[in-house]
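Student:
Number of protein chains: 2
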Amino acid sequence: MPSDAPNLDPVELGAYFALIETGSLLRHAVEQQLQDAGGLSYVQFQLLATLGDAPAGSLRMTDLADGLVYSRSGLTYQAQTLEKRGLITRAPSPDDERTVQVALTTEGREVLTRVFPGHIAVVRELLLAPLSRPDVETLGGTLGRVRDHMRQTPPRSAAPRRR
Amino acid sequence: MPSDAPNLDPVELGAYFALIETGSLLRHAVEQQLQDAGGLSYVQFQLLATLGDAPAGSLRMTDLADGLVYSRSGLTYQAQTLEKRGLITRAPSPDDERTVQVALTTEGREVLTRVFPGHIAVVRELLLAPLSRPDVETLGGTLGRVRDHMRQTPPRSAAPRRR
DNA sequence: TATTGTTATACTCTATAACTATA
DNA sequence: TATAGTTATAGAGTATAACAATA
Chain A
1 MPSDAPNLDP VELGAYFALI ETGSLLRHAV EQQLQDAGGL SYVQFQLLAT LGDAPAGSLR
61 MTDLADGLVY SRSGLTYQAQ TLEKRGLITR APSPDDERTV QVALTTEGRE VLTRVFPGHI
121 AVVRELLLAP LSRPDVETLG GTLGRVRDHM RQTPPRSAAP RRR
Chain B
1 MPSDAPNLDP VELGAYFALI ETGSLLRHAV EQQLQDAGGL SYVQFQLLAT LGDAPAGSLR
61 MTDLADGLVY SRSGLTYQAQ TLEKRGLITR APSPDDERTV QVALTTEGRE VLTRVFPGHI
121 AVVRELLLAP LSRPDVETLG GTLGRVRDHM RQTPPRSAAP RRR
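Quick mapping for you: the protein sequence lines, in order, are chains A and B. If you count the first sequence from 1, position 154 lands on 154 in UniProt numbering, and the numbers rise without skipping. If you count the second sequence from 1, position 67 lands on 67 in UniProt numbering, and the numbers rise without skipping.
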C-alpha cells in the first residue's frame, strides 16, 4: 500500500475539489438544458450522440455500453425508453442472432439536432467563457492525460470484491 | 442570445469531454471507496466532512444544504439516514425554534477518520499520479477560475421556469 | 407573511441475479 | 461453455408540492 504522504497539501486539494465541483456543476447545467430542450437525460444524450457518430449509423448494444460505464441491464432500460419515444430502433442482427443492432431514427436525429445548439451554448457560457485560448489548450491537454491514465487504471474498487 | 460560433472546435470539445469524463470517473471511484470503507455515498461524506470542518461542530440544516446543490427534502432524507446510523444528531435550536442544529457524533467523526486515508489514496492514484507539480498548480488555478465563474452564473436553467 | 424543516409521493436511475437464446 | 441481451426486482436518490410551526 504505497501511500506516502497521508494528506494532500492545499494545492492538491484545491485541484481535486475544483475538478469535482466544476465537473458536477457543468454536468448538472448541461443535464438541465438537455431535459428542457429535448427531454433527455445526459446518458440518453450520450447514447444518441454515439449512434449519431457511428459510421454505419447503428451499433450493437454491447458497443453502445462501452465507455458509458453501464451495466447491461441499465442500457436495456434506457434503450427501451428511447425506443418507446421513437428515437431509436432495435433489431436482431442477421450475422449473429444474439446481438441487437441499435439505430437512430429520423426523429432521434432531429432531437439531437434540436438539442445541440443549446448544449454548446451552455458549455461556452459556463466552461469556456472565463478561459483564454491557451487555458483551454492546456486544460484539455492535462485532463486528457488524466483521462487516459484513469482509463488504464483498473477499476480497483471492483477487483477485491467479487470473483 | 450571444452564440457566436455554432460549433465547438476540436480543442474546445476536447477540454469539455475531458472535464466531464475525468470528473465522472474520479467521482465514481471515490464513491466506490467511500461505500466500501464506510458505507457512505459521496453526498453523505460531504455532509459529514462539512460538519467536521464547522467551527462549532454544528450547523443548521440550511447552512448544510448551501453549496451541496440540494433540495431541502433531499437533505432531510440524508440527515434521517445519517441520524439512524448514529453519525449525526439533530436538535432544535434554542435561539430560533424553527431551525435544526445538526452535529457530528463521535461515531460520525470516527467514520470520517476511517474513510479518509483511502479517499486520499484514490485521489492520488487517479488524479495526481500522472501530473507534475506545475500541472497540478495550473490545473487548480484554471479550474478554480471556472468554478468561481460557474458559481456566479445564475442557474439559468432554473430562472426561465418558475417565478 | 416569510422562513425552516418535514412528509407524502412519485419518478428516474442503477445494480444484481436469474433466465433465454444463440454461437 | 461462453456470449448477448432481457426481465424481475429491489434500493438509492431526487424533486415537487402540501403541510406544520415558528419568527
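Beta carbons: idealized from backbone N, C-alpha and C, even for Gly.
Closest to R85 of chain A by CA distance: which of A:G38, A:G140, A:S24 is it?
Tutor: Selection A:G38, A:G140, A:S24 evaluated against R85 of chain A yields A:G38 as nearest (Cα-Cα).
Student: Who are the neighbours of residue 204 of chain B on chain A, taking C-beta pairs under 8 Å?
Tutor: Not covered by the structure: residue 204 of chain B. The range shown for chain B is 1 to 163.
Student: Assuming S58 of chain A is part of the alpha helix (DSSP H), what are its boundary residues?
Tutor: That residue, S58 of chain A, is in no alpha helix (DSSP H); its beta strand (DSSP E) goes 58-60.
Student: Name the chain A residues whose beta carbon is nearer than 9 Å to that of R90 of chain B?
Tutor: Per Cβ cutoff of 9 Å: no residues; R90 of chain B is ~26 Å from chain A at best.
Student: One question on the structure: do G57 of chain A and A103 of chain A come within less than 7 Å of each other, judged by their Cβ atoms?
Tutor: Yes, the Cβ-Cβ distance between G57 of chain A and A103 of chain A is below 7 Å.
Student: In terms of DSSP beta bridges, what is V102 of chain A paired with?
Tutor: A:L59, A:R90
Student: Do E137 of chain A and V11 of chain B count as a contact pair if the criterion is CB distance below 7 Å?
Tutor: Going by C-beta atoms, V11 of chain B is nearer than 7 Å to E137 of chain A.
Student: With a threshold of 8 Å on Cβ separation, who are the neighbours of L25 of chain B within its own chain once the five nearest residues in sequence on each side are excluded?
Tutor: L126
Student: Shortest alpha-carbon distance to L131 of chain B belongs to which of A:R145, A:R109, A:S93, A:P130?
Tutor: The option with the nearest alpha carbon to L131 of chain B is A:R145.
Student: What are the boundary residues of the alpha helix (DSSP H) that includes R145 of chain B?
Tutor: 133-152
Student: Compute the Euclidean distance between the alpha carbons of A49 of chain B and R109 of chain A, then round it to the nearest angstrom.
Tutor: 44 Å
Student: Within 7 Å (strictly less), CB to CB, does T142 of chain B reach chain A?
Tutor: yes
Student: Can you tell me whether Q35 of chain A sits near the ligand SAH, meaning its C-beta is under 6 Å from at least one heavy atom of the ligand?
Tutor: Questions concerning the ligand SAH fall outside what the structure shown contains, since it holds no ligand whatsoever.
Student: Measuring straight from C-alpha to C-alpha, what distance separates V123 of chain B and L19 of chain A?
Tutor: 11 Å
Student: Ends of the alpha helix (DSSP H) at Y77 of chain A?
Tutor: 72-84
Student: Taking A79 of chain A as the reference, give the member of A:L40, A:T113, A:D53, A:Q152 with the closest Cα.
Tutor: A:L40
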